[in-house]
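Below: the structure, in structure tokens.
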Amino acid sequence: MSTTPSTTSTDRRRAARHAAAAALAIAAAWSRPGAAAVGGSEPAALSDAQVARISSLLIQDCGSCHGLRMTGGLGPALTPDTLRDKPRESLITTILQGRPGTPMPPWNPFLSPAEAGWIIDHLIEGQLP
Ligand code: HEC
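For the sequence shown, the numbering used here assigns the number 111 to the last residue and increments by one with no breaks.
This is the structure we're talking about:
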């Protein structure tokens, strides 16, 4: 029986390079001012500074209503179980525009669509900062 490990790992390296190129293209699209529409469904690539800023906003501001561990308070729980089946884009819209008539305020003065997408992706994965 013969194995061809060298071919396999070459293929894997090639696939990894393609994935990296795709990620860069997505990052470039997201970082272009005004290019990030609420309709975008690609995961956002954010700078370390953006991640640091919105991580503390998520815990301190969102957490003040949704609970420090997002298990609910004045606002509903934002846990993987409660969010998983809801459309990602409508959750992003809720963050950016708020829910009129409820205490959920609009965050678009403070968050870009890419940043709101980052928050939703991390909440759905249960990855709190
Ligand atoms: C002043 C309190 C308050 C703050 C601060 C707040 N929220 Fe909310 N949020 C609410 C309430 C209340 C609701 C439920 C609105 C409704 O009844 O539809 C809600 C709903 C949501 C929903 C929809 C949940 C679902 O299951 O559909 C998301 C997502 C959300 N908030 C995210 C955030 C994020 C992210 C932040 C911080 C950037 C934040 N909220 C800050 C009060 C708040």
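The C-beta atom is built at its ideal place from N, Cα and C for all residues, glycine as well.
Alpha-carbon to alpha-carbon, residue j and residue i
i: Leu65; j: Ile36; result: 19 Å
i: Ala27; j: Asn90; result: 18 Å
i: Asp30; j: Thr76; result: 24 Å
i: Leu50; j: Asp103; result: 17 Å
i: Ile106; j: Met52; result: 11 Å
i: Gly55; j: Pro85; result: 12 Å
i: Pro87; j: Asp63; result: 23 Å
i: Gly45; j: Gln32; result: 18 Å
i: Thr111; j: Ile41; result: Per the sequence shown, the amino acid found at residue 111 is Pro instead of Thr. Going from the Cα of Pro111 to the Cα of Ile41 covers about 8 Å.
i: Phe92; j: Ala34; result: 14 Å
i: Gly108; j: Ile74; result: 16 Å
i: Gly80; j: Asp43; result: 14 Å
Integer Cβ distance of residue i from residue j, believed to fall under 8 Å
i: Pro58; j: Leu78; result: No, Pro58 and Leu78 are not in contact; Cβ-Cβ is about 17 Å, not under 8 Å.
i: Leu60; j: His48; result: 5 Å
Counting pairs of Cβ atoms below 8 Å between the region 90 to 101 and the region 68 to 82, do you hit three or more? yes
Which runs of the beta strand (DSSP E) at least 3 residues long sit entirely within the region 49 to 81? Give them in chain order. none
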